[in-house]
Every structure is written in C-alpha cells, then in structure tokens.
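Reviewing the structure listed below.
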Amino acid sequence: MKITRIETFMVPPRWLFCRIETDDGTVGWGEPVVEGRAEAVRAAVEVLAEYLVGQDPLRIEDHWQVLTKGGFYRGGPVLSSAVAGIDQALWDLAGRHYGAPVHALLGGPVRERARVYGWVGGDDPGELAEQVAALAEAGFTAVKMNASGRISPHPTAAEISAVVRRVATAREVLGQDRDVAVDCHGRFTAAGARRLLVELAPLHPLFVEEPVLPDQGHLLPGLVAAGPVPIATGERVYDRGGFLPVLQAGVAVAQPDLSHAGGISETRRIATLAETFGAQLAPHCPLGPIALAASLQVDFATPNFLIQEQSLGIHYNKDADLLSYVVDPEPFRFQDGHAVRSDLPGLGITVDEAAVRAADRTGHTWRNPVWRHNDGSFAEW
Ligand SMILES: [Mg+2]
Numbered sequence: 028m029k030i031t032r033i034e035t036f037m038v039p040p041r042w043l044f045c046r047i048e049t050d051d052g053t054v055g056w057g058e059p060v061v062e063g064r065a066e067a068v069r070a071a072v073e074v075l076a077e078y079l080v081g082q083d084p085l086r087i088e089d090h091w092q093v094l095t096k097g098g099f100y101r102g103g104p105v106l107s108s109a110v111a112g113i114d115q116a117l118w119d120l121a122g123r124h125y126g127a128p129v130h131a132l133l134g135g136p137v138r139e140r141a142r143v144y145g146w147v148g149g150d151d152p153g154e155l156a157e158q159v160a161a162l163a164e165a166g167f168t169a170v171k172m173n174a175s176g177r178i179s180p181h182p183t184a185a186e187i188s189a190v191v192r193r194v195a196t197a198r199e200v201l202g203q204d205r206d207v208a209v210d211c212h213g214r215f216t217a218a219g220a221r222r223l224l225v226e227l228a229p230l231h232p233l234f235v236e237e238p239v240l241p242d243q244g245h246l247l248p249g250l251v252a253a254g255p256v257p258i259a260t261g262e263r264v265y266d267r268g269g270f271l272p273v274l275q276a277g278v279a280v281a282q283p284d285l286s287h288a289g290g291i292s293e294t295r296r297i298a299t300l301a302e303t304f305g306a307q308l309a310p311h312c313p314l315g316p317i318a319l320a321a322s323l324q325v326d327f328a329t330p331n332f333l334i335q336e337q338s339l340g341i342h343y344n345k346d347a348d349l350l351s352y353v354v355d356p357e358p359f360r361f362q363d364g365h366a367v368r369s370d371l372p373g374l375g376i377t378v379d380e381a382a383v384r385a386a387d388r389t390g391h392t393w394r395n396p397v398w399r400h401n402d403g404s405f406a407e408w
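Residue numbering for the sequence shown follows the working numbering, starting at 28 and increasing by one per position.
Structure, rendered in structure tokens:
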C-alpha cells in the first residue's frame with residue numbers, strides 16, 4: 028500500500044482537515060490546525076506531503092520521526108500541528124486497513140466511556156447560571172469557563188472578586204457532585220494567579236488552567252505550592268521535551284492538544300510521561316470532529332485519563348459545529364456527560380466528504396481578537 032494523494036480543506040468555523048489516500052483506495056482523515064494560523068499549517072502539510080507521497084502509510088512511527096526531525100529545524104506550533112494532523116490521518120488509515128479502532132492498536136481499551144466537559148461563558152463570561160444549568164440538565168458532569176475576559180495581569184481586588192463570584196455561581200448550580208474547571212488563558216502574572224488560586228480553593232475547582240503563560244513554566248512550581256488547587260496546562264506545549272519541565276513543576280493535569288502536540292503518537296507518549304509523575308491527561312480540544320475523535324481514541328486507551336474537552340456549542344463555533352462534517356453524529360452523542368466507546372475502525376467517525384469539499388470552497392479567515400488594556404497596551408486574549 029502506498030500513499031498517492033494528500034489534500035487539505037479549510038472549513039468553517041476555523042478548522043483545517045487533511046485527507047490521505049492510498050493506491051488501494053483506503054482513506055484517512057486528520058485535523059492539522061493552529062487556530063488563527065490555518066493557512067500556515069496548510070502550507071506546512073503541503074511541504075511534508077512531498078516526502079509522504081509514495082510511502083507506505085503503515086510506517087507511522089518512522090514517518091513521525093522523519094516529519095518531525097528530518098527538516099533539521101524542529102518544533103513550534105505550525106510544524107507540530109502539521110505533523111499532528113498527518114499522524115491522525117495515518118492512524119485512521121491504519122485502523123481502517125486492519126479493521127480495528129485506533130484504541131485497539133494502542134494496546135486496547137482501558138475504559139468503556141470517556142468523561143467530557145462543556146464550555147460556558149465564552150471569551151468574556153458574564154451571567155453563567157443558566158448556561159451551567161443547561162449543561163447539567165443535558166447530563167454533563169463538568170463545565171469549563173474562562174476566569175474572565177480582558178483583565179489586568181496584576182488584577183485588582185474587584186477583578187479577583189468578580190472571577191470568584193462567577194466560579195461560585197457555577198459551583199452553586201453544579202452542587203458538590205459535578206465539577207467546574209477555570210481557564211486563565213495565561214492572562215495573569217504569577218503574583219495575580221497566586222492571589223486568585225487562594226481565593227478559588229474553597230470552591231474546589233477541578234483544575235485551574237494556564238494560570239500563567241506557557242513561556243513562564245519556570246514559575247509553575249510556586250503556583251503549585253500556593254495551595255491545594257490542581258494546576259493544568261499544556262495546550263501551547265508541543266512535545267515530550269516541552270512537557271517534562273511542566274510535569275517536574277508539579278502540575279496535576281497535562282493538556283496536550285491532539286492537533287498541536289504531534290498527534291496521536293506524541294500525545295500517547297506525553298500521557299505515559301505524565302503517568303510517571305502521577306499527573307492526569309485532559310486533552311485540549313476546542314476543535315473539530317476529527318481532532319475530537321483522535322482525542323477520544325487516546326482517552327479510551329490511556330490509564331491516567333481525566334477528562335476530555337469538546338467543542339459542541341462552544342463560542343467559537345459560528346457557521347459550523349462539531350456535527351457539520353460527520354455522516355453519523357452517534358460517536359458525539361454524549362450519554363451522562365460521557366463519550367461512549369465503539370469498535371468502529373480507525374478514528375471511529377465517517378467524515379462527510381461532500382460537506383467538507385463544499386465548505387472548503389468558502390473556507391475561512393478566522394483570527395482571534397487582539398485585545399488592549401485601557402492604556403492602549405497589548406492585552407493577552
Ligand atoms: Mg485553555
């Protein structure tokens with residue numbers, strides 16, 4: 028079997044899909060994208076495709092090595108995401124070739140269902156109670172929210188109080204048997220985050236995510252030591268080498284993104300590395316159906332899995348949603364807040380190719396907003 032063609036598709040709301048085809052007609056799908064930089068990742072996939080066409084698609088690990096290391100210069104979100112989407116497509120293809128779900132090829136399932144959480148509040152959370160109640164009503168056992176919208180990196184007493192009030196509202200609606208996770212999006216200084224963590228501790232968040240920017244990983248030990256709140260990070264960390272100091276810092280939850288951190292192959296290795304630190308895996312995935320399907324395959328086969336992000340109804344999904352490009356929504360029909368494992372081959376979904384090709388004709392030019400503080404200076408989004 029040889030790879031004969033690799034195509035990419037820019038589809039709304041902000042995704043990039045890739046399709047790998049072989050000479051025997053087997054097809055695999057992946058989602059190589061950096062949100063807001065889809066065109067750059069598309070170009071990277073096209074360059075990597077030069078090597079892959081003509082190769083045996085089943086040599087996934089060898090291809091991962093060559094695509095990641097063979098260009099001499101390595102790493103970074105664009106290359107790692109291009110490799111990630113190709114890696115997902117190769118695993119999908121291998122699963123279809125062997126007639127097995129990817130989780131079976133990873134050593135077999137260790138669970139029957141994977142807990143997922145839903146998003147509430149959007150970029151700039153305001154009143155949350157109704158949204159939290161709606162998700163709880165729909166069966167979700169956990170929600171995640173941004174701590175705040177634009178905020179001073181060194182927040183005022185009022186800003187801290189507003190964050191705590193929002194999380195308290197969610198906790199009140201959820202009760203003690205469900206969870207709320209809080210995403211700081213790297214919007215705080217370590218000093219600001221420390222203050223917030225102390226105030227949030229009585230509300231028992233599932234975790235607090237990206238309390239500081241990923242390039243300030245050296246500050247994580249102080250935040251871990253600041254109190255009992257579990258710290259999560261990793262959506263902007265792209266490989267094992269990046270996760271090692273994060274785990275050494277004592278974070279409780281590793282959040283690699285299957286579409287950024289080298290795909291199924293590297294995320295599986297990051298999960299194993301996390302296991303040696305007693306840390307749990309909560310893959311980041313505010314993306315499309317292929318990235319989520321790939322994430323779930325890893326979740327079903329990973330002992331130290333905690334919870335899965337998913338984008339159904341997320342604030343980014345305008346014009347299209349998680350179900351817009353799959354033939355059968357069943358794999359994403361969550362039951363009691365869980366995705367249920369199936370034995371469907373590959374990634375376990377059937378991509379609606381006609382819908383993808385039609386959507387690619389429109390494409391998208393999604394960019395994240397650029398925020399500024401009141402004094403006109405740049406603000407973290
Ligand atoms: Mg996040």
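Ideal Cβ placement from N, Cα and C applies to all residues, glycine included.
- R214 and P180 do touch by the CB rule: their CB atoms are close to 7 Å apart, below 8 Å.
- Measuring C-alpha to C-alpha distances from G153 to each of L201, A195 and G166 identifies A195 as the nearest.
- Residue environment for G403: exposed (fewer than 16 other C-beta atoms within 10 angstroms of its C-beta).
- Judged by DSSP in its simplified three-state form, V93 adopts helix.
- In this model, T35 and V367 are separated by some 29 Å (Cα to Cα).
- With a 10 Å radius around the Cβ and a threshold of 16 neighbouring Cβ atoms, E357 comes out exposed.
- Judged by their CB atoms, W56 and A116 are nearer to each other than the 9 Å cut-off.
- According to the DSSP assignment, F44 belongs to the beta strand (DSSP E) that extends over W42 to T49.
- Under the DSSP assignment, G57 falls in the beta strand (DSSP E) whose first and last residues are V54 to G57.
- Out of V68, A111 and E236, the CA that lies nearest to the CA of S322 is found in A111.
- Partner residues in the beta bridge of Y144, as assigned by DSSP, are E336.
- Contact annotation: T168 and Y144 have beta-carbon atoms nearer than 9 Å.
- L374 is not a Cβ neighbour of A328, given a cutoff of 9 Å.
- With 16 or more other CB atoms across the displayed protein chains lying within 10 angstroms of its CB, V264 is buried.
- Annotation: T294 to E164 spans about 32 Å, alpha carbon to alpha carbon.
- The segment 329 to 336 and the segment 301 to 313 touch, with three or more beta-carbon pairs separated by less than 8 Å.
- In this structure, L308 places its C-beta atom within 9 Å of the C-beta atom of Q282.
- Beta-bridge annotation (DSSP): N173 is paired with D210.
- Using a cutoff of 8 Å, the CB of Q307 does not count as near ligand 1, since none of the ligand's heavy atoms is closer than that.
- In this structure, the C-beta of D379 stays at least 8 Å away from each heavy atom of ligand 1.
- The DSSP-derived three-state label of I341 is coil.
- Relative to ligand 1, the beta carbon of H311 is positioned inside 8 Å of a heavy atom.
- A heavy atom of ligand 1 is found nearer than 8 Å to the CB of H212.
- About 6 Å separates the Cβ atoms of V105 and V61, confirming a contact at the 8 Å cut-off.
- Using a cutoff of 8 Å, the CB of Q362 does not count as near ligand 1, since none of the ligand's heavy atoms is closer than that.
- Scanning V209, G254 and L250 for the CA closest to the CA of A276 turns up L250.
- For Q282, the distance from the CB to the nearest heavy atom of ligand 1 is below 8 Å.
- Our two residues, D114 and E186, have alpha carbons roughly 42 Å apart in a direct line.
- Under the DSSP assignment, E407 falls outside any alpha helix (DSSP H); it carries neither an H nor an E label.
- In the structure shown, the three-state DSSP call for V353 is strand.
- With a contact defined as Cβ atoms closer than 8 Å, D150 and H342 qualify at about 6 Å.
- Under DSSP, V38 takes part in a beta bridge, and its partners are W42.
- By the CB criterion at 9 Å, I30 and G97 fall outside the cutoff.
- For E237, the shortest C-beta to heavy atom distance toward ligand 1 is below 8 Å.
- A distance below 9 Å separates the beta carbons of A220 and V235.
- Pairing P248 with A228 gives a Cβ-Cβ distance that is not under 9 Å.
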